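Number of protein chains: 2
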Amino acid sequence: MAGEASIRVTCAQFEPRIGEVARNRETSLTLISQAADEGADLVVLPELCQSGYVIESRKEAFSLAETAPGGPTIEAWIGLARERGIHLVAGFLERDEDRLFNSAVVIGPDGIIGTYRKNHLWDAEALFFERGNRNFPIFHTPFGRLGVLICYDGWFPEAWRLLALAGADIVCVPTNWVPMPKQPQGLPAMANLLCMTAAHVNSFVVAACDRIGTERGQPFIGQSLIVDHTGWPVAGPASMDQPAMISAEVDLAAARRGRNWNSFNQIVRDRRSDLYGETLGSAAIPDLQ
Amino acid sequence: MAGEASIRVTCAQFEPRIGEVARNRETSLTLISQAADEGADLVVLPELCQSGYVIESRKEAFSLAETAPGGPTIEAWIGLARERGIHLVAGFLERDEDRLFNSAVVIGPDGIIGTYRKNHLWDAEALFFERGNRNFPIFHTPFGRLGVLICYDGWFPEAWRLLALAGADIVCVPTNWVPMPKQPQGLPAMANLLCMTAAHVNSFVVAACDRIGTERGQPFIGQSLIVDHTGWPVAGPASMDQPAMISAEVDLAAARRGRNWNSFNQIVRDRRSDLYGETLGSAAIPDLQ
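As you go down the protein sequences, you meet chains A and B in turn. Residue numbers for the first sequence follow UniProt numbering, so the first one is 1 and each next one is one higher. Residue numbers for the second sequence follow UniProt numbering, so the first one is 1 and each next one is one higher.
Encoded structure:
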């Protein structure tokens with residue numbers, strides 16, 4: 001059901017293999033092509049899907065890294081996005097001189113739009129990666145404003161909120177979610193709930209693409225999902241352990257309009273920035289419509 | 001299973017009646033006594049449970065208001081908390097000279113500890129109430145640091161976060177949750193999810209006490225719940241439409257210790273306050289252990 005600004009978003013959940021860069025590239029290209037065949041306007045791939053996740057040494061990390069532009073996977077993605085006329089958000093191990101970042105590249109039909117570098121590093125990532133140094137950028141596309149967070153970033157409500165305050169219509173989340181303690185039966189994964197509540201209180205779409213499989217003993221939990229601006233899933237959660245292609249038509253105009261809840265309440269503008277003060281507050285970043 | 005700093009928390013979900021202040025008082029006293037009989041250390045009651053919620057005019061609002069201290073319901077609560085040696089967090093319609101607030105009083109065995117005034121007003125509340133003017137206080141108790149949010153406050157991640165940064169071990173949420181659009185079958189209410197994700201990313205306990213019933217055409221959704229610092233329910237969600245007393249033993253020391261997740265990550269200290277900047281950032285409020 002097409003709205004004023006509908007696009008078809010697809011998350012391609014798969015199992016990258018640590019160190020098998022050429023194989024990961026081929027897999028990703030196959031999945032992107034398949035998504036495009038099925039009508040995708042925007043394809044999201046997992047975190048570090050070009051390299052694999054569980055790195056054992058800095059030497060190994062450097063051996064797997066690519067630059068953007070220039071890296072072979074990045075260039076292949078650029079070529080395919082141009083060929084198919086689609087947008088793509090995909091995680092890769094980025095080298096910038098002698099620094100490494102856990103990054104996601106945002107590519108359109110005309111090439112790289114920008115790169116996001118993960119700001120909140122998880123556990124042993126701190127041994128290999130530098131923390132992101134490009135803040136929380138908005139990437140402008142013909143269909144609207146796009147933000148990116150990677151995995152553990154999603155545990156920080158500030159990260160989602162900054163994207164909302166900068167006007168994000170959709171937040172893409174390449175991720176490699178690991179199991180959380182005490183997950184009960186019958187409830188979604190906490191990682192899924194974080195996407196749902198963030199979408200709800202910020203009125204934007206969230207498209208989170210996870211990986212599956214166990215790598216060097218570390219299991220990942222799949223369950224990729226797409227939630228609309230009300231916070232409820234419109235595709236997924238996908239399987240915990242199988243590859244999956246999930247897709248949804250999402251209306252970014254509805255997300256942008258949807259912040260207005262009644263005569264008095266606009267969910268983002270209702271922020272009491274006068275109270276959040278120097279800590280979580282003021283109006284330094286414009287509250288865009 | 002008692003931990004280092006365990007307390008028994010009880011949420012008494014019931015149906016206040018608009019305008020029937022004496023009746024609401026009697027109901028609340030009965031429920032508090034019952035909770036104390038069953039071993040409660042801390043009892044949480046719903047938002048505006050002394051007055052009812054759906055107010056029709058400013059005149060009616062003023063007629064239902066009480067002062068704290070001094071109001072008959074407040075004084076009855078103080079007396080019972082003293083008699084039973086318990087703590088109590090309860091919503092009431094507060095008058096302060098010619099201003100009204102949607103407030104919650106925090107009472108201990110020695111009397112009033114403080115009052116929280118709802119900072120984020122929902123819909124027609126804006127016609128009767130002033131916005132809270134006491135920030136997000138921490139109330140100190142022998143069992144730990146207690147914060148309070150009321151209903152729509154919970155839609156603002158900043159509110160939860162400020163309490164975490166001020167060291168809250170438990171957040172009590174007197175509430176009158178109304179239905180949210182598009183609630184799917186088989187998933188918890190979004191209001192419940194907001195409590196769960198907030199507890200998880202801040203590592204504190206959340207005890208949310210809702211009302212039930214339909215008042216002047218406005219339905220409320222019940223589903224009171226208590227979640228531990230990992231974000232998962234330990235009591236509730238309660239019924240959508242029946243009175244309910246839900247209780248859990250929660251370990252506030254575990255919540256305080258629980259912020260440390262691995263060698264590198266402490267979930268609150270991992271905030272990139274350097275990036276959140278003037279908007280959601282800096283370290284003006286001390287990050288207490």
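Each residue gets a CB set at the ideal place from its N, CA and C atoms; glycine is no exception. Bear in mind that the values here come from a model prediction, so they are computed numbers and not experimental data.
- Message: Please confirm whether A/Gly19 has its beta-carbon closer than 9 Å to some beta-carbon of chain B.
- Response: By 1-based counting over the first sequence, the position of residue 19 of chain A is 19. Chain B contact via Cβ: absent.
- Task: Could you tell me the distance, in whole angstroms, from the CA atom of B/Gly85 to the CA atom of B/Asn192?
- Result: Start at 1 with the first residue of the second sequence, and residue 85 of chain B comes out as number 85. Start at 1 with the first residue of the second sequence, and residue 192 of chain B comes out as number 192. Using only the alpha carbons, I get a separation of about 30 Å.
- Answer with buried or exposed for B/Asp230, where buried requires no fewer than 16 other C-beta atoms within 10 angstroms of its C-beta. On the second sequence, position 230 is the one that residue 230 of chain B refers to. Note on residue identity: the sequence assigns Thr, not Asp, to residue 230 of chain B. With 16 or more Cβ atoms within 10 Å of its Cβ, B/Thr230 is classed as buried.
- Message: Helix, strand or coil, according to DSSP, for B/Ser6 in the structure here?
- Response: On the second sequence, residue 6 of chain B is found 6 positions in, with the first residue counted as 1. In the structure shown, B/Ser6 sits in a strand (DSSP, three-state: E or B).
- Residues within the stretch 191-225 of chain A neighbouring chain B, beta-carbon criterion of under 7 Å: Leu193, Leu194, Met196, Thr197, His200, Val201
- Straight-line CA distance for A/Ala65 to A/Ala40? The residue given as residue 65 of chain A occupies position 65 in the first sequence. The residue given as residue 40 of chain A occupies position 40 in the first sequence. Those two C-alpha atoms are separated by around 28 Å.
- Query: Any idea which residues DSSP pairs B/Asn102 with across the strands?
  - Reply: For this step, residue 102 of chain B is matched to residue 102 along the second sequence. B/Asn102 is bridged to B/Leu93.
- Query: CB B/Val43 to CB B/Leu31, shorter than 9 Å?
  - Reply: Taking the second sequence and counting its residues from 1, the one referred to as residue 43 of chain B is at position 43. Taking the second sequence and counting its residues from 1, the one referred to as residue 31 of chain B is at position 31. Yes, the pair counts as a contact, with Cβ atoms nearer than the cut-off.
- Query: Considering only residues of the stretch 116-141 of chain A, which uninterrupted beta strand (DSSP E) runs meet the minimum length of 3 residues and lie entirely inside it, listed in chain order?
  - Reply: Runs of the beta strand (DSSP E) inside the stretch 116-141 of chain A: 138-141.
- Query: Run through DSSP, which three-state label would A/Ser239 get?
  - Reply: Position 239 of the first sequence holds residue 239 of chain A. Coil, per DSSP.
- Per DSSP, A/Cys11 forms a beta bridge with which residues? Along the first sequence, one-based indexing puts residue 11 of chain A at 11. In the DSSP output, where bridge partners are listed per residue, A/Cys11 has A/Val44, A/Ile246.
- Message: As an exercise, report each continuous alpha helix (DSSP H) stretch of at least 4 residues that is fully enclosed by the stretch 176-203 of chain A, in chain order.
- Response: 190-202
- Along chain A, which residues have their Cβ under 7 Å away from the Cβ of B/Asp270? For this step, residue 270 of chain B is matched to residue 270 along the second sequence. Near B/Asp270 (Cβ distances below 7 Å), the residues of chain A are His120.
- Task: Specify the secondary structure class of A/Cys49 as computed by DSSP and reduced to three states.
- Result: Indexing the first sequence from 1 puts residue 49 of chain A at position 49. Looking at A/Cys49 - three-state DSSP - the assignment turns out to be coil, as it is neither helix nor strand.
- Query: Assuming A/Asp123 and B/Phe220 make a contact with CB atoms under 8 Å, what is their CB distance in whole Å?
  - Reply: Indexing the first sequence from 1 puts residue 123 of chain A at position 123. Indexing the second sequence from 1 puts residue 220 of chain B at position 220. 42 Å between Cβ atoms; not a contact.
- Item | Buried/exposed call for A/Asn133, threshold 16 Cβ in 10 Å | Translated into the one-based positions of the first sequence, residue 133 of chain A becomes position 133. Answer is exposed; the Cβ neighbour count stays below 16.
- Task: Taking only heavy atoms of the ligand PLP into account, decide whether any of them is closer than 8 Å to the Cβ of A/Ala35.
- Result: In the structure on display, the ligand PLP does not appear, and there are no ligands present to speak of.
- Query: From B/Ile138 to B/Arg145, what does the alpha carbon distance come to, in whole angstroms?
  - Reply: Residue 138 of chain B sits at position 138 when you count from the first residue of the second sequence. Residue 145 of chain B sits at position 145 when you count from the first residue of the second sequence. About 6 Å.
- Going by CA-CA distance only, name the one from A/Asn262, A/Ala81, A/Thr214, A/Val250 that's closest to A/Met240. Within the first sequence, numbered from 1, the residue matching residue 240 of chain A stands at position 240. The shortest Cα separation from A/Met240 among A/Asn262, A/Ala81, A/Thr214, A/Val250 belongs to A/Thr214.
- Item | Between the CA atoms of B/Ser28 and A/Ala284 - distance to the nearest angstrom | Residue numbering aside, residue 284 of chain A sits at position 284 when the first sequence is read from its first letter. Residue numbering aside, residue 28 of chain B sits at position 28 when the second sequence is read from its first letter. Confidence at A/Ala284 is low in this model, with a pLDDT of 41, below 50, so the placement of that residue is unreliable and no value is reported for it.
- Taking the continuous beta strand (DSSP E) assigned at B/Gly144, which residues delimit it? Against the second sequence, residue 144 of chain B aligns to sequence position 144. Where B/Gly144 is concerned, the enclosing beta strand (DSSP E) stretches over 144-148.
- Check whether the Cβ of B/Asp123 lies closer than 9 Å to any Cβ atom in chain A. Start at 1 with the first residue of the second sequence, and residue 123 of chain B comes out as number 123. B/Asp123 counts as touching chain A.
- Taking Cβ-Cβ distances shorter than 7 Å, what residues in chain B pair up with A/Ile112? Locating residue 112 of chain A in the first sequence gives position 112, where the first residue counts as 1. Within chain B, no residue comes near A/Ile112; the closest Cβ sits about 22 Å away, beyond 7 Å.
- Please look up how many angstroms separate the CB atoms of A/Ala76 and A/Ile112, rounded, as I've assumed it's under 8 Å. Counting from 1 along the first sequence, the entry for residue 76 of chain A is found at position 76. Counting from 1 along the first sequence, the entry for residue 112 of chain A is found at position 112. Separation of the CB atoms of A/Ala76 and A/Ile112 is rounded to 13 Å, and the pair is thereby denied contact status at 8 Å.
- Query: Given that A/Ile267 touches chain B, what residues does it touch there, using C-beta distances under 7 Å?
  - Reply: Within the first sequence, the letter at position 267 stands for residue 267 of chain A. Correct list: Trp155.
- Message: Starting from B/Ala254, trace the alpha helix (DSSP H) in both directions and tell me its first and last residue.
- Response: Working through the second sequence from its first residue, we reach residue 254 of chain B at position 254. Unbroken alpha helix (DSSP H) run through B/Ala254: 252-257.
- Message: Using C-beta distances below 7 Å, list every residue in its chain close to A/Ala164, excluding the 5 sequence neighbours before and after it, in chain order.
- Response: The residue labelled residue 164 of chain A in the question sits at position 164 within the first sequence. Closer than 7 Å at Cβ, skipping near neighbours: Asn202, Phe204, Val268.
- Quick one: list the residues of chain B neighbouring A/Trp232, beta-carbon separation under 7 Å, in chain order. As a first step, residue 232 of chain A is located in the first sequence; it is residue number 232 there, counting from the start. The answer, in chain order, is Lys182, Pro184.
- Task: Would you mind stating whether A/Glu130 and B/Pro157 have Cβ atoms separated by less than 9 Å?
- Result: One-based indexing of the first sequence puts residue 130 of chain A at position 130. One-based indexing of the second sequence puts residue 157 of chain B at position 157. In this structure, B/Pro157 does not lie closer than 9 Å to A/Glu130 by Cβ.
- Query: Can B/Leu45 and B/Val89 be called in contact, C-beta distance under 9 Å?
  - Reply: Taking the first residue of the second sequence as 1, we reach residue 45 of chain B at position 45. Taking the first residue of the second sequence as 1, we reach residue 89 of chain B at position 89. Contact flag set, yes.
- Query: DSSP state of B/Gly85, grouped into three classes?
  - Reply: The residue you call residue 85 of chain B lines up with position 85 of the second sequence. Coil at B/Gly85, not helix or strand.
- Task: With a cut-off of 8 Å on the beta carbons, I'd call B/Ala208 and B/Leu225 a contact; round off their distance for me.
- Result: Working through the second sequence from its first residue, we reach residue 208 of chain B at position 208. Working through the second sequence from its first residue, we reach residue 225 of chain B at position 225. About 6 Å separates the Cβ atoms of B/Ala208 and B/Leu225, confirming a contact at the 8 Å cut-off.
- Task: Verify the CB distance criterion: does B/Glu15 have a CB-CB separation below 9 Å to chain A?
- Result: Position 15 of the second sequence, counting from 1, holds the residue named residue 15 of chain B. Closer than 9 Å: no.
- Item | Inter-residue spacing [alpha-carbon to alpha-carbon] between B/Gly147 and B/Met196 | Taking the second sequence and counting its residues from 1, the one referred to as residue 147 of chain B is at position 147. Taking the second sequence and counting its residues from 1, the one referred to as residue 196 of chain B is at position 196. Their backbone Cα atoms lie some 16 Å apart in a straight line.
- Task: Tell me whether B/Ala283 sits in a helix, a strand or coil according to DSSP, three-state version.
- Result: Residue numbering aside, residue 283 of chain B sits at position 283 when the second sequence is read from its first letter. Reliability fails at B/Ala283, whose pLDDT of 39 lies under 50, so the model's placement of it is uncertain and the value that follows must be treated cautiously. It is coil, neither helix nor strand.
- Message: If contact is defined by three or more beta carbon pairs under 8 Å, each pair taking one atom from either stretch, is the stretch 179-192 of chain B in contact with the stretch 173-183 of chain A?
- Response: no
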